[in-house]
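Sequential numbering of the sequence shown, starting at 457, is according to the numbering used here. All C-beta atoms in this analysis are idealised placements derived from N, C-alpha and C, irrespective of residue type, glycine included. In this text the structure is predicted, and so the values were computed from the model without any measurement. Take a look at the structure set out below.
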Amino acid sequence: MAKNEIAALQRVRALEDARKQPDKAKRLEAEAALVGTWIERRHLEAEPELQQQAWIGYRYMTPLQRTELFVKAYHEAYIEWYARQFPEADTGKKRPINVLFPANSPGEMSALWRARQQADVVGLPYDVHLDAILGGHLINDKWQRPPRPNQLYGKLALPRTRDLLTTELIAERLYAEDWDPRFFAGQYQHDAVQNAAIQMLQQVVVAAEDPARTLGKYLCERHALTQRKAVAVFGPQLVREALLGASGVPIEHGAKERRLMVPGCFGYISLRDDASCQVCPVSEQCAVFSERVRATVVRTTGSEDPRKAWRQVKARARQQRHRDKVKRQEKIVELDALVEAERKFGEDW
C-alpha cells in the first residue's frame, strides 16, 4: 500500500474513532481537532458567518458534516454529468474523488472544504449548486470533463449560481422529511435556526396562489410550526382559513423545556471582528472549547495550524531547490567559460 493510501486510511479511522466517543462534547472536540489538522485555520475562521448563510436545512450541521454531505453530492453529480455528456465513455472508471471526505488527498480535502464554503455563501442546496456549476462548464464552456474540486470555486463557477434560490425552490425543499427534528413544531423553542426557517416559510406562503392552503399544509401536515407561532406570524384570520381546509391537526405548543441553542459552528470561533461570534449566546463556552481543540492540535502535530506549517515547509523546500538550481547553472556557466577559454588559448592561458 502506498504511503498516501496509508495516510488516507489513518484519517478515515481517526474520524471513525472520534465518532465512537460516547460523550457528545468529547466527540465534537475530537472531530474539531481532526479538522484543525486537515484544514488551514484561515478557512476555518469563516465558519461562524457561513453557519448563518448556508441553506437553511443544513444549519444544525457542523461544518464537517456539511462538507461530508457536499462531497457525496459532488461525487454523484460528477458521475451523472459525465454519463450524460459522454454516454460512450466507461463511467465506471470515472471516480473523481473518494466519497469518504478524509480518504481524499490533503489538497483535495482543502479544495472540497473551500468549494463547500462557496456553496454556503450563496445559500443553495448542494445538489442545486453543483448541478449549475458542472452543467455550465460542460454545456456552455464545452469542457471535456466535469470540473475538479479546485475548479468549483473559480471565477467562472460562482456566477452560474446567482438567482437560483427562488421562492419555488424554497417551497419545494422547505421542511423535508429528512430534516433535523429540531426544525419542527414539537421542538420549537424560538431558536435562531427555527426562526430563519419560519421566515422562509412566510416568504413561500405570501407568494403562494392560495396562501391559506399552503399554510395549512405546513401547519397541519408537515408540522413546520406551532399553531401559536402561526398566529403570531400570519395572523388569526389566515390561520383560521388554513385550519378549515387542512387535513391534519396542528401542534399547538412547542418544546416544554427550553434547551441552550448550540450552533453547528461551535468550536470554530473566529479570531476576527465577527458579529456572528459577538452576538452568539455561547461565545464564552465556544472560546474555552476552541482553546481545548487548539491545545489538542498543538500536542498532536506540534503546530496550531499544521496545514499552513506544512505548506510553508514545502514552499521553503521549493525555494531551496530553486536556489540550488540557480547555483548549479552558475557553476555550469563558469565551467563552460573555462572550457571555451582552454579551447581558444590552450591549457596554459
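Item, Value
"Exposed unless 16 or more other CB atoms sit within 10 angstroms - verdict on H646", "exposed"
"Environment of D761 [buried if 16+ CB atoms lie within 10 Å]", "buried"
"7 Å Cβ shell around L448 - same chain, five flanking residues per side excluded", "Absent from the model: residue 448. The displayed extent of the chain is 457 to 805, so no value can be given."
"N606 in three-state terms, based on DSSP", "helix"
"Sequence-distant residues of its chain with Cβ nearer than 6 Å to T518 (five each side left out)", "G720"
"Pick from R784, E524, R696 and V689 that is closest to R669, judged by C-alpha positions", "R696"
"For Y724, three-class secondary structure by DSSP", "coil"
"Close Cβ partners of P605 (< 6 Å) along its chain, the five nearest in sequence each way excluded", "E564, A567, L568 and A571"
"S566 in three-state terms, based on DSSP", "helix"
"Length of the line joining the Cα atoms of E677 and Q741", "38 Å"
"Buried or exposed (CB count within 10 angstroms, at least 16 for buried), G691", "exposed"
"Sequence-distant residues of its chain with Cβ nearer than 6 Å to W494 (five each side left out)", "M565"
"Contact test: I595 Cβ vs the ligand ADP heavy atom, cutoff 8 Å", "This structure simply doesn't include the ligand ADP, nor any ligand for that matter."
"For A488 and V749, believed in contact at Cβ under 8 Å, the rounded distance", "5 Å"
"Cα-Cα separation, E496 to K459", "22 Å"
"Own chain partners of Q507 with C-beta closer than 6 Å, once the 5 adjacent residues on each side are dropped", "P719, G720 and C721"
"Residue nearest to M656 in terms of C-alpha spacing, selected from F526, A751, I512 and L699", "I512"
"Outcome for D666 when other beta-carbon atoms lying within 10 angstroms are tallied against a minimum of 16", "exposed"
"Residues of its chain near A686, where Cβ-Cβ distance is below 6 Å and the 5 sequence neighbours each way are ignored", "L675 and V695"
"Spatial distance of T757 from A765 (CA atoms)", "10 Å"
"Per-residue DSSP class, three states only, for F639", "helix"
"For Q775, three-class secondary structure by DSSP", "helix"
"Segment contact, 8 Å Cβ cut-off, at least three pairs: the segment 530-544 with the segment 580-599", "yes"
"Cβ-Cβ distance between A510 and R498 below 9 Å", "no"
"Short Cβ contact (9 Å threshold) for L812 with Y644", "The chain is shown from 457 up to 805; residue 812 falls before or after that span and cannot be answered."
"Boundaries (first-last residue) of the alpha helix (DSSP H) holding D473", "K459 to R475"
"Backbone secondary structure at M656 - three-state DSSP", "helix"
"Contacting residues, own chain, Cβ-Cβ under 8 Å from D597 (five flanking each side not counted)", "L612"
"Where E496 sits in the DSSP three-state scheme", "coil"
"Inter-residue spacing [alpha-carbon to alpha-carbon] between R638 and Q650", "8 Å"
"Proximal residues to L580 (C-beta, below 7 Å), its chain only, five neighbours per side dropped", "W511, T617, L620 and L621"
"For R483 and G492, the rounded distance between their alpha carbons", "14 Å"
"Cβ neighbour criterion (16 or more within 10 Å) applied to E790", "exposed"
"As assigned by DSSP and simplified to three states, the class of L621", "coil"
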